[in-house]
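So the structure is just underneath, and the comments pick up after that.
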Amino acid sequence: MRSPMRTVPGPTDHVIVVGAGLAGLSSTLHLLGAGRRVTVLEAGPGPGGRAGVLTTGGFRIDTGPTVLTMPHLVDEALAAVGDSLAARLELVRLDPAYRARFADGTAIDVHTDAAAMEDEIGRFAGAREAAGYRRMRAWVTELYRTMMGRFIDANIDSPLHLLGPDLARLTALGGFGRLGPAVARHFTDERLRRVFSFQSLYAGVPPQRALAAYAVITYMDTVAGVHFPRGGMHALPRALADAAVAAGAELRYHAPVVRLERSAGGRITAVRTADGERLRCDAVVLTPDLPISYRLLGHTPRRAVPLRYSPSCVLLHAGCDRTWPDHLAHHTLFFGAAWERTFDEIVRLGVPMSDPSLLVTRPTATDPTLAPDGHHLHHVLAPCPNLAVGSVDWLREGPRYREQLLAVLERRGLTGLGDAVRVEHLVTPADWAAEGLAAGTPFATAHTLAQTGPFRPRNLVRGVENAVLAGCGTTPGVGLPTVLISGKLAAARITGAPRPVPAGRTTRRPATAGAGAGACADTAAAGGDSDTAGAAAAPQDGARDGAQAGTREGARPGAAVLGAPAGGRAPSVGTGVAG
Ligand SMILES: Cc1cc2nc3c(=O)[nH]c(=O)nc-3n(C[C@H](O)[C@H](O)[C@H](O)COP(=O)(O)OP(=O)(O)OC[C@H]3O[C@@H](n4cnc5c(N)ncnc54)[C@H](O)[C@@H]3O)c2cc1C
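Per my numbering, the sequence shown starts with residue 429, numbered consecutively.
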């Protein structure tokens, strides 16, 4: 029997959501759908957070995620207010989802259609590997079915609550083994092993060390499919924000939250913004990077082992006057010859990849309107050490590393790339750190075993009864599908389990006093987090740079746009105790 989910006790009529990234927007929509009044306070100039946009030189550059999977979760958030994905966005399903290019000059397209992919693998590596693909596809599909409802899309109050048939099934499926060996069981071809296991890097862990359960990301990518919104990825948060406003939410930008006021009983009673405004609230959802949220709360749960952060990345956004259609699909993975060594370098040794594996995204392959006529956008993403393990001086090394990336890609077939760049924007871990992102990584805490599922930092924090965390630092984790879920799970902590919304109904309902009053007021963490006295507030959160050429929405860092320096000053945060 499942235990009742812990929820926020007392009145929850007016909820303040801190942060208008995808977690905050998802939470907002689900709260509105359950009849709450919602005010969203966002430090940056627009919605999106890490899914930001930069408009410069006629290019519309998505500064964050490029791989959109599981769009039904977007639809679910919109449906909470009687809206829909179809009404708000035009999504293109990408085929191929990826192209993978290898150091030996070979290439394979990853199709999500089973028959098309079997054919492609047959051509690429023979019938035996195609049969292996069939088995792997069945395995990841079964893993997904077992995990989604019970382990990912669920508020879990204790690891003990997971005991049951689904856990037995997950164990039988090998979910607690390691991903690399699990995928290797289906393929002898080293290249295919990479194509179906590299996804664990999205969760911040190398395939050899990641739980095999993380093959659910392989499922999302290579079976469920990759999508792209016309207008660019930033159209997604923009659509959610528009729907939230239409459903009655108040969204305020340029409104960094610097302080939470608390009653002696441990309830957040009001939120203070940097310009001194005080907003009363019944509950708060905090979506900033985890350390920022803890500082606002004045409370950092103690853990047996300190949090470990994912590797970071260097990003080069290059607006070019030509492209390489024979080499590049919408998403192209350029694998180096090295593999295990690459992870060792970025995870353990803290040095840049010596033989880089890179993701190059060419969004103008799908939506040419993102660049001026005759021009093309290329985003180059290079995984790199975070600032906790690496000691690279990125302010000095960044420009040199940019040269290396261009040289590597030229050698791998994008001849003339360096000369074709007309507009560019380089982002390094130093920029992520300047944004206030812990360890200089935008990918939050890694999904190691000790930071997975019930052991990941909880969305409830002991001692603060009406605050809930959402976003990539808490459960279920990093990535667009997971942060959309985290917003929903945070809303459920406030409203109780979500009720289905009849299609077509608008949900601008009056708030119901006391609705959602908790089944259980105890927010104690039973798993990874334990309790400790509050941590002191530190002054460097939410830095927003205003010194860039070009226009940004969302809140994104950058080392240079056409050579303009990045800037950024941070408001400080703190916790106040008020009567
Ligand atoms: C370069 C990059 C590539 C990625 N690629 C992919 C991908 O291809 N596919 C995928 O699924 N995922 C990808 N991700 C991960 C995904 O984008 C993130 O996990 C997700 O967008 C995080 O959303 P969030 O709402 O948790 O956090 P955020 O987007 O960071 O939102 C938090 C918000 O809180 C605001 N804030 C912070 N402090 C304050 C304060 N004091 N007061 C008010 N507001 C505050 C911030 O400005 C921000 O808007 C990528 C991320 C990056 C950066």
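Glycine included, every Cβ here is placed at the ideal spot set by N, Cα and C.
From what residue to what residue does the alpha helix (DSSP H) around Tyr722 run?
-> Along the sequence shown, read from residue 1 onward, the residue named residue 722 stands at position 294. It spans 718-725 - the alpha helix (DSSP H) in which Tyr722 sits, taken as one unbroken run.
Tell me whether Cys741 counts as near ligand 1, meaning its Cβ is closer than 7 Å to at least one heavy atom of that ligand.
-> Walking along the sequence shown from the start, residue 741 turns up at place 313. It does: the Cβ of Cys741 is within 7 Å (strictly closer) of some heavy atom of ligand 1.
Could you round the C-beta distance between Val712 and Val446 to whole angstroms and report it? I think they count as a contact, below 8 Å.
-> The residue labelled residue 712 in the question sits at position 284 within the sequence shown. The residue labelled residue 446 in the question sits at position 18 within the sequence shown. About 6 Å separates the two Cβ atoms, so the contact holds.
Report the rounded CA-to-CA distance for Ser512 versus Ala746, giving the unit in angstroms.
-> Numbered from its first residue, the sequence shown carries residue 512 at position 84. Numbered from its first residue, the sequence shown carries residue 746 at position 318. Going by the C-alpha atoms only, they are around 33 Å apart.
Pick helix, strand or coil for Phe626, following the three-state DSSP scheme.
-> Working through the sequence shown from its first residue, we reach residue 626 at position 198. Three-state DSSP puts Phe626 in a helix.
Arg597: CB within 7 Å of a non-hydrogen atom of ligand 1 | If you number the sequence shown from 1, residue 597 lands on position 169. For ligand 1, no non-hydrogen atom lies closer than 7 Å to the CB of Arg597.
Should Ala971 go down as buried or exposed, given a rule of 16 or more other Cβ atoms within 10 Å for buried?
-> Position 543 of the sequence shown, counted from the start, is the residue given in the question as residue 971. With a pLDDT of only 32 at Ala971, under 50, the local geometry of the prediction cannot be trusted, and no value is derived from it.
Consult DSSP for Gly603 and reduce its assignment to one of helix, strand or coil.
-> The residue given as residue 603 occupies position 175 in the sequence shown. Three-state DSSP puts Gly603 in coil, outside helix and strand.
Arg824 burial status per 10 Å Cβ neighbour count (16 or more: buried) = If you number the sequence shown from 1, residue 824 lands on position 396. Arg824 sits exposed, since fewer than 16 C-beta atoms from the chains shown fall within 10 Å of its C-beta.
So what's Gly955 in DSSP terms, helix, strand or just coil?
-> Here residue 955 corresponds to residue number 527 of the sequence shown, with the count starting at 1. Because the pLDDT at Gly955 is just 38, under 50, the model does not fix this residue reliably, and the value given afterwards should be weighed accordingly. Here Gly955 sits in coil by DSSP.
8 Å Cβ cutoff met for Ser785 and Glu773 = Translated into the one-based positions of the sequence shown, residue 785 becomes position 357. Translated into the one-based positions of the sequence shown, residue 773 becomes position 345. No.
Burial state of Arg933, where buried means 16 or more other Cβ atoms lie within 10 Å = In the sequence shown, counting from the first residue as 1, residue 933 sits at position 505. Below a pLDDT of 50, predicted positions are generally treated as unreliable, and Arg933, at 45, falls in that range; the measurement from the model is reported next regardless. It is exposed - the Cβ of Arg933 has fewer than 16 other Cβ atoms within 10 Å.
Evaluate the contact criterion for the stretch 712-726 versus the stretch 892-901: three or more CB pairs, one atom per stretch, below 8 Å.
-> Contact between the stretch 712-726 and the stretch 892-901 is present, because at least three Cβ pairs lie under 8 Å.
DSSP three-state call for Arg562: helix, strand or coil?
-> Residue 562 sits at position 134 when you count from the first residue of the sequence shown. Three-state DSSP puts Arg562 in a helix.
What beta strand (DSSP E) runs, 3 residues minimum, are completely inside the stretch 837-907?
-> 849-855, 895-897
Please confirm if the stretch 753-767 is in contact with the stretch 786-801, defined as three or more CB-CB distances below 8 Å between the two stretches.
-> yes
For His662, which of helix, strand or coil comes out of DSSP?
-> The count along the sequence shown starts at 1 and reaches residue 662 at position 234. Three-state DSSP puts His662 in coil, outside helix and strand.
Contact under 8 Å by Cβ, His655 with Val481 = Numbered from its first residue, the sequence shown carries residue 655 at position 227. Numbered from its first residue, the sequence shown carries residue 481 at position 53. Not closer than 8 Å, so no.
Below 8 Å between beta carbons: does that hold for Leu453 and Ala919?
-> In the sequence shown, residue 453 corresponds to position 25, counting from 1. In the sequence shown, residue 919 corresponds to position 491, counting from 1. In this structure, Ala919 does not lie closer than 8 Å to Leu453 by Cβ.
Exposed or buried, Thr616, counting other C-beta atoms within 10 Å across all chains shown (16 or more means buried)?
-> In the sequence shown, the residue the question calls residue 616 occupies position 188. Result: exposed.
Cβ of Pro657 within 7 Å of any heavy atom in ligand 1?
-> Your numbering for residue 657 matches position 229 in the sequence shown. No - ligand 1 has no heavy atom lying nearer than 7 Å to the Cβ of Pro657.
Per-residue DSSP class, three states only, for Ser740 = The residue you call residue 740 lines up with position 312 of the sequence shown. Strand at Ser740.
CB contact flag (Ala698, Pro475, <8 Å) | Here the question's residue 698 lines up with position 270 in the sequence shown. Here the question's residue 475 lines up with position 47 in the sequence shown. Contact flag unset, no.
Can you round the beta-carbon distance between Tyr561 and Ile549 to whole angstroms, since I take them to be within the 8 Å contact cut?
-> On the sequence shown, position 133 is the one that residue 561 refers to. On the sequence shown, position 121 is the one that residue 549 refers to. Their Cβ separation, rounded to whole angstroms, is 5 Å, which keeps Tyr561 and Ile549 in contact under 8 Å.
Specify, as a first and last residue, the run of the alpha helix (DSSP H) that Val502 falls within.
-> Within the sequence shown, residue 502 is the residue found at index 74, counting from 1. Following the DSSP letters along the chain, one finds Val502 inside the alpha helix (DSSP H) bounded by residues 500-507.
Alpha carbon to alpha carbon, how far is Ala867 from Ala810? Give it in angstroms, no decimals.
-> If you number the sequence shown from 1, residue 810 lands on position 382. If you number the sequence shown from 1, residue 867 lands on position 439. Near 17 Å, if we compare the C-alpha coordinates of Ala867 and Ala810.
Give the DSSP bridge partners of Glu678, in chain order.
-> Within the sequence shown, the letter at position 250 stands for residue 678. Here Glu678 is bridged, per DSSP, to Thr467.
When you compare only the Cα positions, how much space is there between Thr715 and Trp767?
-> By 1-based counting over the sequence shown, the position of residue 715 is 287. By 1-based counting over the sequence shown, the position of residue 767 is 339. Distance between the alpha carbons of Thr715 and Trp767: 34 Å.
Are there 16 or more other CB atoms within 10 angstroms of the CB of Asp795, so buried, or fewer, so exposed?
-> Within the sequence shown, numbered from 1, the residue matching residue 795 stands at position 367. By the neighbour-count rule (16 or more Cβ atoms within 10 Å), Asp795 is buried.
Taking 7 Å as the cut-off, does the CB of Glu470 come closer than this to any heavy atom belonging to ligand 1?
-> The residue given as residue 470 occupies position 42 in the sequence shown. Yes, Cβ of Glu470 sits closer than 7 Å to a heavy atom of ligand 1.
When Pro432, Gly438, Pro827 are compared against Val892, the one with the closest alpha-carbon | Taking the sequence shown and counting its residues from 1, one reaches residue 892 at position 464. Cα-wise, what sits closest to Val892 is Gly438.
Looking at C-alpha atoms only, which residue of Arg890, Gly844, Gly905, Trp752 is the closest neighbour of Ala874?
-> Within the sequence shown, numbered from 1, the residue matching residue 874 stands at position 446. The shortest C-alpha separation from Ala874 is found at Gly905.
Expected contact under 8 Å - CB spacing of Thr494 and His807 to nearest Å | Sequence index remark: in the sequence shown, residue 494 carries index 66 (1-based). Sequence index remark: in the sequence shown, residue 807 carries index 379 (1-based). Yes, Thr494 and His807 are in contact; Cβ-Cβ is about 6 Å, under 8 Å.
Count the other CB atoms, across all protein chains shown, that sit within 10 Å of the CB of Ser819; report buried if there are 16 or more and exposed otherwise.
-> Against the sequence shown, residue 819 aligns to sequence position 391. Classification of Ser819: exposed, given that the 10 Å Cβ count is below 16.
Decide if the stretch 909-924 is in contact with the stretch 484-503; the criterion is three or more beta carbon pairs, one per stretch, under 8 Å apart.
-> The stretch 909-924, when compared against the stretch 484-503, does touch it at the 8 Å Cβ threshold.
Quick one: give me the first and last residue of the alpha helix (DSSP H) that Thr646 is part of.
-> Working through the sequence shown from its first residue, we reach residue 646 at position 218. From DSSP, the alpha helix (DSSP H) with Thr646 extends over 643-647.
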